[in-house]
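Here the sequence shown is numbered in UniProt numbering, starting from 1 and rising by one per residue.
Where a beta carbon is used, it is the ideal one built from N, C-alpha and C, also for glycine.
Remarks on the structure that follows.
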Amino acid sequence: MEKRQELYAGKAKSVYTTDDPDLLVLHFRDDTSAFDGERMESLARKGMVNNCFNAFIMEKLAAAGIPTHFERRLSDVESLVKKLDMIPVECVVRNIAAGSLVKRLGVTEGEELTPPTFELFLKNDALHDPMINESLAESFGWATPEQLAEMKALTFKVNEVLKQLFAEGGLLLVDYKLEFGLFKGEIVLGDEFSPDGCRLWDAKTRDKMDKDRFRQGLGGVIEAYEEVGRRIGVTFA
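Shown next as structure tokens:
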């Protein structure tokens with residue numbers, strides 16, 4: 001497998017083509033962003049930590065029967081993934097009220113949500129990822145009803161697997177976002193799962209162990225990511 005040209009550079013990851021048209025190289029950089037890229041910093045070890053963390057989670061999800069784009073980890077900061085035709089809709093599950101939900105609805109942070117909520121957002125940084133619904137997604141051709149139903153089902157299956165996994169490490173899975181794409185016509189989980197794209201709290205102290213440490217200037221961002229990983233069994237390079 002030969003890594004070739006850069007296909008895309010996001011805020012924290014770069015994607016490269018390979019000599020196999022069905023496979024890409026996902027490069028995790030040390031870059032960290034918040035507020036739709038308005039705040040950017042480089043944090044040492046972040047690329048390695050998120051690459052290892054993501055590989056561990058994707059393997060756990062695949063073992064639970066959830067189709068993912070992850071193939072294998074190639075190095076400290078790179079992984080081999082399937083090339084997906086990405087659906088521009090983010091799926092968000094919230095188990096506990098936090099972040100934008102608190103601001104939007106005026107509810108109390110930390111309130112348990114029973115059942116968990118499910119929301120859709122258009123993946124568009126320029127528009128600050130606006131909230132949408134199934135009707136809008138269908139009308140504008142972003143996803144079909146069948147695709148949306150499968151994405152929702154898989155998102156809640158991820159919740160079942162990961163809530164338990166993090167609970168065993170003394171952590172609360174507060175909320176998270178997932179992105180999906182099509183691989184040979186099938187819905188497959190793409191992008192990454194790391195503390196960059198979810199909220200994780202210590203179950204006893206409710207200390208924040210995720211990217212909110214960066215957003216809120218709490219410090220110890222990578223140390224918190226590594227602590228989360230250590231608790232659930234991630235081995236870092």
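Here the alpha carbons of Arg39 and Ile132 stand approximately 25 Å from one another.
Here Ala98 is buried: its Cβ has 16 or more other Cβ atoms, across all protein chains shown, within 10 Å. Annotation: the continuous alpha helix (DSSP H) that includes Thr155 extends over Pro145 to Glu168. DSSP places Asp19 outside any alpha helix (DSSP H), giving it a letter other than H or E. Asp31 is bridged by DSSP to Ser42.
For Met209, same chain residues with a beta-carbon under 8 Å away, outside a window of 5 residues either side, are Leu171, Pro195, Leu200, Trp201, Asp202, Ala224, Tyr225, Glu227 and Val228 in chain order. In the structure shown, the three-state DSSP call for Arg206 is coil. A check of alpha carbon separations from Thr205 across Trp142, Phe28 and Gly110 identifies Gly110 as the nearest.
Judged by DSSP secondary structure, Glu186 falls within the beta strand (DSSP E) whose first and last residues are Glu186 to Leu189.
Between the segment 171 to 184 and the segment 85 to 93, the count of Cβ pairs shorter than 8 Å is three or higher; the stretches touch. The beta carbon of Asp22 sits closer than 7 Å to those of Lys82 and Lys83, all from its chain and outside the five residues before and after it, given in chain order. Excluding residues up to 5 positions away in sequence, Leu173 lie with their Cβ nearer than 6 Å to the Cβ of Lys163 in the same chain. In this structure, DSSP gives Gly181 an extended state, which the three-state scheme calls strand. For Leu105, the enclosing alpha helix (DSSP H) starts and ends at Ser100 to Leu105. Here Leu80 is bridged, per DSSP, to Val25 and Arg72. Annotated three-state conformation of Leu218 is coil, per DSSP. For Glu192, no alpha helix (DSSP H) run applies, since DSSP gives it neither H nor E.
For His27, the number of other beta carbons within 10 angstroms of its own is at least 16, and it is reported as buried.
Under the three-state reduction of DSSP output, Ile232 falls in the helix class.
A direct Cα-to-Cα measurement between Glu134 and Gly141 gives close to 11 Å.
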